[in-house]
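Asker: In terms of my numbering, the sequence shown has 383 at position 294, counting the first letter as 1, and numbering is strictly consecutive.
Built from N, CA and C at the ideal position, the CB exists for glycine as well.
Since the structure is predicted, the reported quantities are computational estimates derived from the model, not experimental observations.
Input: one structure, supplied below.
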Amino acid sequence: MPDSRPRVVVTRKLPEQVEARMQELFDVTLNHDDRPMSAAELGEAMAHADVLVPTLGDHLDAGLMARAGANLRLIANFGAGVDHIDVETARQRGIHVTNTPGVLAEDTADMTMALILAVPRRLVDGVKLIESGEWGGWAPTAMLGHRIFGKRLGIIGMGRIGQAVAKRAAAFGLEIHYHNRKRVHGSVEEDLGATYWESLDQMLARMDVVSIHCPHTPGTYHLLSSRRLRLMKPSAYIVNTARGEIVDENALIRMLEAGELGGAALDVFEHGHEINPRLAALPNVTLMPHMGSATVESRLEMGEKVIINIKTFADGHTPPDRVVPAML
Ligand code: DGY
């Protein structure tokens with residue numbers, strides 16, 4: 090009997106339980122050795138699959154969309170961000186796009202909080218000193234950083250992750266400020282004790298720490314441009330667990346090198362995993378390999394979301410996590 094289950098191609102290795110469930114439900118092709126697929130391989134998968142499960146790093150641009158076969162009706166992204174997918178072209182070709190929002194907010198907020206602490210309190214410097222074997226013991230003027238209690242945190246993007254960061258940061262005694270395309274509901278502002286700034290420029294000029302939580306879209310590319318970075322206090326820190334492209338990385342590096350900013354803690358970079366060596370050489374930065382949502386729990390829940398999106402779609406309904414260009 091022919092297999093009537095949807096043909097699903099998954100571009101990267103997923104947690105075992107997620108792959109096992111997919112094998113039960115779908116006619117699935119998995120990527121056991123986890124080697125990123127080339128553009129040609131992605132094009133081939135799109136030509137033959139009913140559903141593609143890509144993830145960040147798979148650049149599904151208009152050229153690749155043009156190779157999609159008539160059967161490809163759903164791109165069920167494993168991940169919340171969809172800036173690697175040309176969602177508008179997908180829509181024009183009648184291909185639905187879904188993502189995995191919500192389930193990674195708490196973990197990403199935890200990592201953000203760790204990074205808010207990391208540079209001012211010199212966590213990595215401390216670890217390195219111990220590892221060097223050169224620590225001479227406690228001294229009144231040794232390893233001094235800066236207090237974060239009572240400082241002003243400016244959150245750019247007050248969605249699920251921004252709000253989860255605000256809750257944590259308020260508990261650490263930071264004053265919460267935010268800029269968002271739309272002001273959040275008054276009750277949310279009240280719960281978080283958050284002050285809204287319609288003008289990003291004005292907010293930036295007054296913050297001690299700025300943390301980025303908006304998606305990367307054409308409208309947020311280099312949102313923190315050289316001009317805006319220059320508005321910040323020379324003692325301020327930047328934390329980015331969203332997308333590297335939102336910050337003009339070269340401008341940031343120039344300012345850090347010149348001592349015009351207090352420091353930066355980055356989980357994401359403008360050019361993916363290619364880290365600018367000048368950035369890595371700076372003393373007042375902490376760099377992480379895009380680990381914001383890297384917990385077993387989050388990956389399993391992301392997998393569940395992908396499965397529910399595919400199953401709902403295959404059953405003829407609108408998948409719960411549909412991304413439409415107007416949302417971006
Ligand atoms: C996402 O899902 O887009 C996140 O960046 C992964 O951490």
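#1: Helix, strand or coil, according to DSSP, for R182 in the structure here?
#2: What's the C-alpha gap between I219 and R257?
#3: Say yes only if the C-beta of H168 is nearer than 6 Å to one or more non-hydrogen atoms of the ligand DGY, and no if none qualify.
#4: Note the first and the last residue of the continuous alpha helix (DSSP H) segment covering N188.
#5: Any heavy atom of the ligand DGY within a distance shorter than 6 Å of the CB on S382?
#6: Tell me which residue opens and which closes the beta strand (DSSP E) that H266 is part of.
#7: May I ask you to report which of helix, strand or coil DSSP gives G405?
#8: Would you report the Cα separation of L263 and V336, rounded to the nearest angstrom?
#9: Kindly indicate the opening and closing residues of the alpha helix (DSSP H) around L371.
#10: Might you give, ordered along the chain, the residues of its own chain that have their beta carbon closer than 6 Å to the beta carbon of D116, omitting 5 neighbours on each side?
#11: Along the chain, where does the beta strand (DSSP E) that runs through R211 open and close?
#12: Using the C-alpha atoms, what's the distance from E359 back to V299?
#13: Does the segment 147-166 come close enough to the segment 279-293 that 3 or more CB-CB pairs lie under 8 Å?
#14: Alpha carbons only, please: which of A136, I184, G333, P229 is nearest the one belonging to L145?
#15: In whole angstroms, give me the CA-to-CA distance for D199 and V254.
#16: On the premise that R367 lies in contact with I342, defined as a C-beta separation below 8 Å, what is that separation, rounded to the nearest angstrom?
#17: What is the DSSP secondary structure of N329, counted as helix, strand or coil?
#18: Given a threshold of 16 other Cβ atoms within 10 Å of its Cβ, counted over all protein chains shown, does S382 qualify as buried or as exposed?
#19: So G246 packs on I301, CB below 8 Å; how close in whole Å?
#20: Just mark A403 as buried or exposed, buried being the case when its beta carbon has 16 or more other beta carbons within 10 Å.
#21: Is any beta-carbon of chain C found at less than 7 Å from that of T118?
#22: Here's the rule I'm using: 16 or more other beta-carbon atoms within 10 Å means buried, otherwise exposed. How should V186 be labelled?
#23: Have a look at A259, R295, D297 and flag the residue whose alpha-carbon is nearest the alpha-carbon of E279.
#24: How big is the Cα-Cα spacing for L371 and M344?
#25: In whole angstroms, what is the alpha-carbon distance linking M135 and P414?
#26: Look at the Cβ atom of V176, then the Cβ atom of G352, and state whether they are nearer than 7 Å.
#27: Helix or strand or just coil, what does DSSP make of T201?
#28: Between which two residues does the alpha helix (DSSP H) containing A155 stretch?
#29: Quick one: grab the DSSP three-state call for I301.
Answerer: In short:
#1: coil
#2: 29 Å
#3: Rather than His, the amino acid found at residue 168 in this sequence is Gly. Yes, Cβ of G168 sits closer than 6 Å to a heavy atom of the ligand DGY.
#4: That residue, N188, is in no alpha helix (DSSP H); it is neither H nor E in DSSP.
#5: yes
#6: 264-268
#7: coil
#8: 23 Å
#9: That residue, L371, is in no alpha helix (DSSP H); it is neither H nor E in DSSP.
#10: D92, R94, R96
#11: Where R211 is concerned, there is no enclosing beta strand (DSSP E), given that its DSSP letter is neither H nor E.
#12: 17 Å
#13: no
#14: G333
#15: 7 Å
#16: 5 Å
#17: strand
#18: buried
#19: 7 Å
#20: buried
#21: Considering every chain present, this structure includes no chain C. It has just one protein chain.
#22: buried
#23: A259
#24: 11 Å
#25: 20 Å
#26: no
#27: helix
#28: That residue, A155, is in no alpha helix (DSSP H); it is neither H nor E in DSSP.
#29: strand
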